[in-house]
Amino acid sequence: MFDRFRGVLPEVTGEGTHFVVPFIQNPTIYDVRTRAKSLTSVTGTKDLQQVNLTLRVLCRPDIEKLPKIHMELGQDYDDRVLPSIGNEVLKATVAQFNADQLLTQRQAVSARVSEGLRKRAADFGIILEDVALTHLSFSTEYTKAIEAKQVSQQEAERAAYVVKRSEQEREAAIIRAEGESESARLISQATKAAGPALVELRRIEASKEIAQTLAKSRNVMYLPGGNSNMLLGVNP
């Protein structure tokens, strides 16, 4: 409220119906609702890479400080203050990180920017409800360099996987060969230890298998009188 005799009054008048002295007092209406603003900046990283940044902030005036805001800044206080302090905070914060850290530690960077910007805005009577880093991009040359590096890393990882797999397959083949060699050695030792008895056992087992096979055939005839010879029957 501006008074012709006392200037800007320190009291803030809220919503509703109020008494105003005609020609003496002149009210200025401020929208105290939260509104969104986008702030952009181009700055350099710790390793001297150019980066483009965009912030989205939700801001509103501190109602108790509206008289000061009106006298020092005016109704366009947010447009006069936020771009400059946003650029200031972004430059100071980004300069502490390398380019690759901005990508891997984006949340930490956003949190630090938010903290710094809230403090600076409070000095001007502006409350920031939320601050978010919505866009981050590098120059075309640096972006291509990052993509080439990622491709090289993927190829190196793929080659390492192929080498590791080949090594595992080679080790598995060696183990199988050693197992087969050991099995053959044990069989050879068992054969030598058993000698003729093992050979005779194998002959008897083979004879039994042959006898069982012939017994199932209807074309086999046995000679009487306990003769162990056998004749194959021929159907007429």
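Counting from 1, one number per residue, gives the positions in the sequence shown under the UniProt record's numbering.
All C-beta atoms, glycine included, are put in the ideal place defined by N, C-alpha and C.
Counted as a single uninterrupted DSSP element, the beta strand (DSSP E) harbouring E129 occupies residues 126-138. Secondary-structure assignment with DSSP links K37 through a beta bridge to V57.
The three-state secondary structure of N87, taken from DSSP, is helix.
About 6 Å separates the beta carbon of L53 from that of L90, a gap short enough to meet the 8 Å contact definition. Setting aside the 5 residues that flank it on each side, S41 is surrounded in the same chain by L53, N87, L90, each with a C-beta closer than 6 Å to its C-beta; the list follows chain order.
Shown here, G44 sits in a strand according to DSSP, grouped into three states. Taken atom to atom, the span from the alpha-carbon of L136 to that of Q168 is near 43 Å.
A contact between stretches requires three or more CB pairs, one per stretch, nearer than 8 Å, and the segment 123-141 meets this requirement with the segment 53-73.
Apart from sequence neighbours up to five positions away, the residues of its chain that approach R118 with a beta-carbon distance below 6 Å are L128, ordered along the chain. In the structure shown, the three-state DSSP call for Q50 is strand. For V163, the secondary structure class from DSSP, reduced to helix, strand or coil, is helix. For the pair of segments examined, the segment 51-66 was found to touch the segment 23-39: the number of CB pairs separated by less than 8 Å reaches three. For G74, no alpha helix (DSSP H) encloses it, and the DSSP letter there is neither H nor E.
According to the DSSP assignment, D100 belongs to the alpha helix (DSSP H) that extends over 99-104. Shown here for E171: not one same chain residue has a beta carbon closer than 8 Å to its own, the five before and five after excluded. In the structure shown, the three-state DSSP call for V8 is strand. Out of V113, A156, Y77, the CA that lies nearest to the CA of C59 is found in Y77. In this structure, T93 places its C-beta atom within 8 Å of the C-beta atom of V113. Between the alpha carbons of I210 and R202 lies a gap of roughly 12 Å. Distance from Q107 to F97 at the Cβ level is roughly 12 Å; contact not present, criterion being Cβ atoms closer than 8 Å.
Rounded to the nearest whole angstrom, the C-alpha separation of R120 and I24 is 36 Å. Rounded to whole angstroms, the gap between the alpha carbons of D130 and Q101 is 23 Å.
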